[in-house]
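Residue 52 in numbering that gives the first Met the number 0 sits at position 53 of the sequence shown, and the numbers go up by one each step. Beta carbons are placed, not taken as given, at the ideal position from N, Cα and C, and that holds for glycine. Just so you know, these numbers come straight off a predicted model, no measurement behind them. Data first, discussion second: the structure below is written as structure tokens.
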Amino acid sequence: MDFLFGSADEEFRAEAREWLTGHLVGDYAALAGVGGPGSEHEGARGRREWERELGSGGWIGLGWECAEGAYGNRVGSLTQQVVWAEEYARVRAPGRVGHIGENLLAPTLIAAGDEAQRRRFLPAIARGEELWCQGYSEPEAGSDLAGLRTVAVRDGGGYRVSGQKIWTSLAAEADWCFVLARTDPGERRHRGLSFLLVPMDQPGRIEVRPIRQMSGTAEFNEVFFDGARAPHVVGGEGAGWRVAMGLLARERGVSTLVQQIGFAAELAAVIAAAVRGGAVRDPVLREQLVRQWAELRVMRWNALRTLGAAGGAGAPSVAKLLWGGWHQRLGELAMRVRGAAAVLGPVDWSARAPYELDALQRLFLFTRADTLYGGSDEIQRNIIAERVLGLPRLER
Numbered sequence: 000m001d002f003l004f005g006s007a008d009e010e011f012r013a014e015a016r017e018w019l020t021g022h023l024v025g026d027y028a029a030l031a032g033v034g035g036p037g038s039e040h041e042g043a044r045g046r047r048e049w050e051r052e053l054g055s056g057g058w059i060g061l062g063w064e065c066a067e068g069a070y071g072n073r074v075g076s077l078t079q080q081v082v083w084a085e086e087y088a089r090v091r092a093p094g095r096v097g098h099i100g101e102n103l104l105a106p107t108l109i110a111a112g113d114e115a116q117r118r119r120f121l122p123a124i125a126r127g128e129e130l131w132c133q134g135y136s137e138p139e140a141g142s143d144l145a146g147l148r149t150v151a152v153r154d155g156g157g158y159r160v161s162g163q164k165i166w167t168s169l170a171a172e173a174d175w176c177f178v179l180a181r182t183d184p185g186e187r188r189h190r191g192l193s194f195l196l197v198p199m200d201q202p203g204r205i206e207v208r209p210i211r212q213m214s215g216t217a218e219f220n221e222v223f224f225d226g227a228r229a230p231h232v233v234g235g236e237g238a239g240w241r242v243a244m245g246l247l248a249r250e251r252g253v254s255t256l257v258q259q260i261g262f263a264a265e266l267a268a269v270i271a272a273a274v275r276g277g278a279v280r281d282p283v284l285r286e287q288l289v290r291q292w293a294e295l296r297v298m299r300w301n302a303l304r305t306l307g308a309a310g311g312a313g314a315p316s317v318a319k320l321l322w323g324g325w326h327q328r329l330g331e332l333a334m335r336v337r338g339a340a341a342v343l344g345p346v347d348w349s350a351r352a353p354y355e356l357d358a359l360q361r362l363f364l365f366t367r368a369d370t371l372y373g374g375s376d377e378i379q380r381n382i383i384a385e386r387v388l389g390l391p392r393l394e395r
């Protein structure tokens with residue numbers, strides 16, 4: 000298929016390129032390539048300052064469906080959002096610490112929040128001043144989100160939240176957390192849930208504990224709520240499941256294309272390692288590299304084909320199955336092309352730094368989780384079976 004950018008898109012590209020070149024300098028230049036999935040812990044303070052820099056240029060919120068400038072942001076077409084993502088990746092700008100607020104919460108508030116909530120939170124996100132984390136998964140409710148046990152009870156004009164969330168990215172840096180909690184204990188499963196907005200600065204009522212990963216880093220966290228104040232509910236009490244599912248559906252479209260730009264950079268690094276080490280001469284590995292390249296192109300074309308379209312009930316699940324498996328295979332391939340050298344770190348082991356890994360080793364370890372987080376492959380297949388193919392529901 001052909002996908003061409005128009006003259007307005009190319010003008011936008013020139014503007015984005017000029018801005019990035021002029022602002023990714025000094026201390027920000029040192030953050031090039033820092034952060035992102037698998038390394039969210041790196042350079043968090045400097046990347047937070049970079050968020051404010053992006054906000055000052057109006058580059059946060061390009062995809063928000065609202066009037067341009069309504070909350071201090073530019074509004075770009077779908078193709079312009081792709082252009083911005085491509086230029087951002089081209090200069091290896093820092094991994095975004097504000098992406099949860101910009102790409103998940105903000106569109107949810109625009110679709111399901113009230114005007115007071117939009118006026119309160121969207122300008123702060125657009126300026127890069129407030130960071131968000133996502134309080135969905137729990138120890139007993141990961142892929143089966145409807146089984147969550149965190150509860151919230153009415154307290155004046157808001158709620159008090161008690162329970163535990165897990166695998167919470169950026170919880171230690173976030174100012175706010177959007178939390179899915181049970182507000183009607185008499186209901187079961189997806190009924191009686193509410194989508195609450197919780198300020199994280201509540202000493203004695205919110206505790207954040209980093210989770211040490213096998214890579215030695217701690218970018219995920221456990222979050223414990225002990226009567227934490229939640230002054231806002233989005234969409235009304237009891238509408239949490241509808242709001243939460245609407246949010247998850249927004250993790251595709253342009254965001255999928257942005258993700259694929261990062262995948263392409265990782266694939267290029269694996270191919271370069273294969274060329275340097277001579278693994279490219281192995282016909283089996285060469286065939287696997289070509290297959291990875293071809294599958295990534297197919298995923299890109301499919302994302303472009305469906306850009307802006309209202310996908311069916313199973314569209315997010317199909318996309319998750321495709322990229323999750325692809326990325327995991329890339330991590331495995333990154334180790335195969337290195338051969339025996341893949342088991343050696345870049346520096347000698349020491350008690351002070353026992354987990355020194357290079358980029359490809361971190362890629363391999365991180366991608367082990369790709370078929371689990373965000374809904375396991377098994378859950379995605381059940382969704383497709385029940386909601387798309389109309390097969391009998393799995394007994395629970």
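Per DSSP, what kind of secondary structure is residue i in: helix, strand or coil?
| i | result |
| --- | --- |
| His231 | strand |
| Gln163 | strand |
| Gly42 | coil |
| Gly239 | helix |
| Pro282 | helix |
| Trp18 | helix |
| Phe262 | helix |
| Ala49 | Reading off the sequence shown, one finds Trp at residue 49, where the question assumed Ala. Correct three-state label for Trp49: helix. |
| Ile205 | strand |
| Ala151 | strand |
| Ser375 | coil |
| Ser400 | Absent from the model: residue 400. The displayed extent of the chain is 0 to 395, so no value can be given. |
| Ala271 | helix |
| Leu246 | helix |
Report yes if the C-beta distance between residue i and residue j is below 7 Å; otherwise report no.
| i | j | result |
| --- | --- | --- |
| Ala278 | Val336 | yes |
| Val387 | Gly324 | no |
| Leu195 | Tyr158 | yes |
| Gly56 | Trp83 | no |
| Leu61 | Gly71 | no |
| Gly185 | Gly237 | no |
| Gly127 | Gly54 | yes |
Alpha carbon to alpha carbon, how far is residue j from residue i? Give it in angstroms, no decimals.
| i | j | result |
| --- | --- | --- |
| Gly330 | Ala145 | 31 Å |
| Thr78 | Asp8 | 7 Å |
| Ala111 | Ala180 | 17 Å |
| Phe223 | Gly162 | 6 Å |
| Leu103 | Cys132 | 10 Å |
| Gln360 | Trp322 | 19 Å |
| Asp174 | Cys65 | 24 Å |
| Thr370 | Phe262 | 16 Å |
| Gly134 | Asp347 | 38 Å |
| Pro353 | Ile210 | 17 Å |
| Ala31 | Tyr87 | 10 Å |
| Ala358 | Thr366 | 12 Å |
| Asp1 | Pro138 | For Asp1, the predicted structure reports a pLDDT of 49, less than 50, and the residue's modelled location is therefore unreliable. A value from the coordinates is still provided. Cα to Cα, Asp1 sits roughly 45 Å from Pro138. |
| Thr255 | Leu130 | 21 Å |
| Ala243 | Ala350 | 43 Å |
| Gln116 | Ala318 | 31 Å |
Should residue i go down as buried or exposed, given a rule of 16 or more other Cβ atoms within 10 Å for buried?
| i | result |
| --- | --- |
| Ala229 | buried |
| Ala302 | buried |
| Gln379 | buried |
Length at least 4, wholly inside the segment 61-145: the alpha helix (DSSP H) runs in chain order: 77-89, 105-111, 114-125
Alpha helix (DSSP H) runs contained entirely in the segment 288-363, provided each spans 4 or more residues: 314-335
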